[in-house]
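Student:
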Amino acid sequence: MKFTDDQIADIGEEIIRVLKSVYDPEIPVDIYELGLVYDVQISEDGDVKIIMTLTTPNCPVAETLPQEVKDKVQSVEGVNSVDLELTFEPSWNKDMMSEEAKFELGML
Numbered sequence: 072m073k074f075t076d077d078q079i080a081d082i083g084e085e086i087i088r089v090l091k092s093v094y095d096p097e098i099p100v101d102i103y104e105l106g107l108v109y110d111v112q113i114s115e116d117g118d119v120k121i122i123m124t125l126t127t128p129n130c131p132v133a134e135t136l137p138q139e140v141k142d143k144v145q146s147v148e149g150v151n152s153v154d155l156e157l158t159f160e161p162s163w164n165k166d167m168m169s170e171e172a173k174f175e176l177g178m179l
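Set out below in structure tokens:
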């Protein structure tokens, strides 16, 4: 079954909602608002590719956080498979955070 553009948009919104439930253990802000998710691609077949980073390469959750993201996105209705690519290019910095995240952390 192929999804329509509207269905893909709905799946995308649900994926973002799920990503906002995953928190970096060192910073009390979700990974989406932190800017750790660089890209989310959804195919017509419901195959999802996520490109994300961590705040630091030696982040204490380097093993568990990507798996948590993968598991949560996999649970979204309509998602067929999840391919998660971890990258450190470009490396994350505080400028990638949303205004909301900066506000929450008292940086504005």
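Just so you know, we're using this note's numbering here: the sequence shown kicks off at 72 and counts up by one.
We put the beta carbon where it would ideally sit given N, CA and C, even for glycine.
Starting from the N-terminal side, write out each stretch of the beta strand (DSSP E) that is 3 residues or longer and does not extend beyond the stretch 115–173.
Tutor: DSSP runs (the beta strand (DSSP E)) wholly in the stretch 115–173: 118–123 and 152–157.
Student: Could you check if residue 172 is buried or exposed, using at least 16 other CB atoms within 10 Å of its CB as the buried criterion?
Tutor: When all chains shown are included, residue 172 counts as buried.
Student: Assuming the contact rule is C-beta atoms closer than 8 Å, residue 153 and residue 165 should be a hit. Round their C-beta distance to whole Å, please.
Tutor: The Cβ separation is near 28 Å, so there is no contact.
Student: What residues match up with residue 112 in a beta bridge as DSSP calls it?
Tutor: 120, per the DSSP bridge assignment.
Student: What first and last residue would you give for the alpha helix (DSSP H) that runs through residue 179?
Tutor: Residue 179 -> no alpha helix (DSSP H), and no H or E assigned at all.
Student: Whose C-alpha, out of 133, 108 and 134, is nearest the C-alpha of residue 88?
Tutor: Among 133, 108 and 134, the Cα nearest to that of residue 88 is on 108.
Student: Just the C-alpha distance for residue 92 and residue 101, rounded to the nearest angstrom, thanks.
Tutor: Roughly 6 Å separates the two Cα atoms.
Student: Given a cut-off of 8 Å on the beta-carbon distance, is the pair residue 117 and residue 150 in contact?
Tutor: Contact: yes.
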